[in-house]
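Notes follow once the structure below has been shown.
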Amino acid sequence: MDGLSIVFLSDNEIRFEKFRSLCSVRRLSYALSRYPGLENLQAILSRDEPDLILADYWLEGGTILDLLKLTGSTPVVLLADMGSEEHIVQAVNMGAADFIIKDEEEKYLSLLPVTIRKILRSTEIQATSEDIIHMSEKRYEQLVQAIPDIVYKLDPNGYFQFVNAAIKVLGFHPEEIIGRHFTELVYADEGTDFGRKQALVKLKGKVTGDAGAPKLFDERRCGERKTNGLEIFIADNKKARSQENPVIGSIIAYGEVSATGHYRQKLGERFFTGTVGIIRNISDRRKSEEMIRKLYQTVDQLPLSLLIINAENIIEYANPHFFRTRLTRPELILGKNVYELATDFYTDPVYRQIQKTLSTGTPWQGNMMINLGNGAGEYSANLTISPIYNTVCVISHVVIIDQETKQP
Numbered sequence: 000m001d002g003l004s005i006v007f008l009s010d011n012e013i014r015f016e017k018f019r020s021l022c023s024v025r026r027l028s029y030a031l032s033r034y035p036g037l038e039n040l041q042a043i044l045s046r047d048e049p050d051l052i053l054a055d056y057w058l059e060g061g062t063i064l065d066l067l068k069l070t071g072s073t074p075v076v077l078l079a080d081m082g083s084e085e086h087i088v089q090a091v092n093m094g095a096a097d098f099i100i101k102d103e104e105e106k107y108l109s110l111l112p113v114t115i116r117k118i119l120r121s122t123e124i125q126a127t128s129e130d131i132i133h134m135s136e137k138r139y140e141q142l143v144q145a146i147p148d149i150v151y152k153l154d155p156n157g158y159f160q161f162v163n164a165a166i167k168v169l170g171f172h173p174e175e176i177i178g179r180h181f182t183e184l185v186y187a188d189e190g191t192d193f194g195r196k197q198a199l200v201k202l203k204g205k206v207t208g209d210a211g212a213p214k215l216f217d218e219r220r221c222g223e224r225k226t227n228g229l230e231i232f233i234a235d236n237k238k239a240r241s242q243e244n245p246v247i248g249s250i251i252a253y254g255e256v257s258a259t260g261h262y263r264q265k266l267g268e269r270f271f272t273g274t275v276g277i278i279r280n281i282s283d284r285r286k287s288e289e290m291i292r293k294l295y296q297t298v299d300q301l302p303l304s305l306l307i308i309n310a311e312n313i314i315e316y317a318n319p320h321f322f323r324t325r326l327t328r329p330e331l332i333l334g335k336n337v338y339e340l341a342t343d344f345y346t347d348p349v350y351r352q353i354q355k356t357l358s359t360g361t362p363w364q365g366n367m368m369i370n371l372g373n374g375a376g377e378y379s380a381n382l383t384i385s386p387i388y389n390t391v392c393v394i395s396h397v398v399i400i401d402q403e404t405k406q407p
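Right under this line is the structure:
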């Protein structure tokens with residue numbers, strides 16, 4: 000720690016020279032300077048901030064307490080007189096890094112380098128820790144800003160304290176949201192209470208348990224009890240709330256209890272500091288679900304038989320028309336191997352074609368006689384066997400459609 004800049008604040012020049020000599024003997028190449036008091040010190044500090052200040056309590060133009068108001072992050076060591084415990088307490092409470100008690104023989108001067116080394120090492124460790132924390136916070140912020148989902152933080156009263164850049168997909172800038180109450184941004188179907196205040200009023204006196212607990216946007220619970228899967232509508236800055244296709248968000252929210260997401264412990268108590276949550280835009284997913292629902296209803300109403308078989312030859316789906324024409328029930332068909340139905344409904348050529356379509360992806364179409372099963376006869380049908388591909392273009396299923404060409 001050589002080359003350190005140390006300021007000696009004292010009107011005792013002799014004592015300063017003794018300390019300078021001691022440093023020279025010990026080959027401590029401190030850059031030492033002395034000032035009798037506070038005059039011009041502020042200008043000196045702003046021009047060339049020292050690494051450490053050694054100061055008497057009483058100074059020309061004030062006391063060490065006045066000095067501590069000027070020094071900022073520069074560590075200050077009090078050179079305290081014997082019997083001045085009150086001064087020591089005052090200085091430490093004001094932010095003095097340490098103190099050392101002066102003795103008449105001035106032996107304390109030989110201990111000063113040890114004190115200086117200890118304080119500066121502690122300061123260096125603290126600065127390094129702060130740098131690490133700052134870097135971690137910066138990386139965390141960069142990560143949060145890169146997330147495509149909307150990340151938000153509410154204060155204990157439900158006002159936005161933070162929202163990431165993903166809010167721009169709604170036509171807002173983050174600064175437009177900060178300070179606003181969450182009810183200005185999100186809303187739900189009539190009768191759905193997603194705010195803690197409204198939900199608790201309705202649930203007053205009721206025991207819900209975890210399963211019946213409400214899902215809240217301004218959640219205070221943590222861990223497994225947090226809100227997960229709350230679906231609400233999100234106001235779009237470009238459109239009115241009455242739009243036909245509102246933005247739909249799925250919420251994951253939990254009560255923030257410290258920087259790490261737990262309640263801050265102080266004097267044995269827990270202090271709620273706000274809510275942290277993620278809003279995921281599921282509008283496209285809901286549209287897809289709606290389309291799937293329509294397709295299911297359409298297939299269920301088709302006047303032809305439809306069967307879906309997976310790669311293991313297991314029947315996963317059959318539409319109502321299939322059961323009506325075969326005079327059978329779902330529990331006798333679904334989950335069964337299609338080959339178990341060989342003598343009941345389809346002929347061997349049909350099963351061979353199913354395997355060919357599964358292995359090669361070649362669709363097939365032809366006219367065949369279809370057994371009704373249970374000895375109820377047969378009918379002529381136009382049969383189509385087609386492959387179904389998964390998301391990586393691998394055949395996962397085949398669909399069999401037969402349309403009657405002659406009524407049984």
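Heads up: the sequence shown runs through residues 0 to 407, numbered per numbering that gives the first Met the number 0.
A virtual CB, placed ideally from N, CA and C, is assigned to each residue, including glycine.
For the 9 Å CB-CB criterion, K214 and F193 form a contact.
Bounds of the beta strand (DSSP E) holding A30 are 30-34.
H320 counts as buried, since no fewer than 16 other beta carbons sit within 10 angstroms of its beta carbon. Around the beta carbon of F270, a 10 Å sphere encloses fewer than 16 other beta carbons of the protein chains shown; the residue is thus reported as exposed. Rounded to the nearest whole angstrom, the CA to CA distance from L333 to Y158 is 52 Å. Assignment of beta-bridge partners to T70 by DSSP yields no partner.
Non-local C-beta neighbours of E59 in its own chain, meaning closer than 8 Å and more than five positions away in sequence, comprise D10, P35, G36, L37, E38, ordered along the chain. Linking I353 to N381 through their CA atoms gives a straight-line distance of about 15 Å. Beta-bridge pairing by DSSP links A79 to I100. Cα atoms of G376 and N227: separation of roughly 54 Å, rounded to the nearest angstrom. Annotated as proximal: V398 and I308, with beta-carbon spacing under 9 Å. Taken through DSSP and simplified to helix, strand or coil, V162 comes out as strand. Contact check for D97 and I118: beta-carbon distance about 6 Å, within the 8 Å limit, so the pair qualifies. Setting aside the 5 residues that flank it on each side, G2 is surrounded in the same chain by S28, A30, each with a C-beta closer than 7 Å to its C-beta; the list follows chain order.
In the structure shown, the three-state DSSP call for V391 is coil.
The Cβ atoms of L78 and L44 do not sit closer than 9 Å to each other.
Membership of T359 in the alpha helix (DSSP H) is indicated by the continuous run 347-359. When the alpha-carbon of M93 is set against those of I176, R26, W363, L67, the nearest one is in L67.
Spanning the alpha carbons of L69 and E48 requires a straight line of approximately 11 Å. Per DSSP, the unbroken alpha helix (DSSP H) holding A90 starts and ends at 84-93. At the C-beta level, V168 and F216 stay beyond 9 Å of one another.
For S9, DSSP assigns no beta-bridge partner whatsoever.
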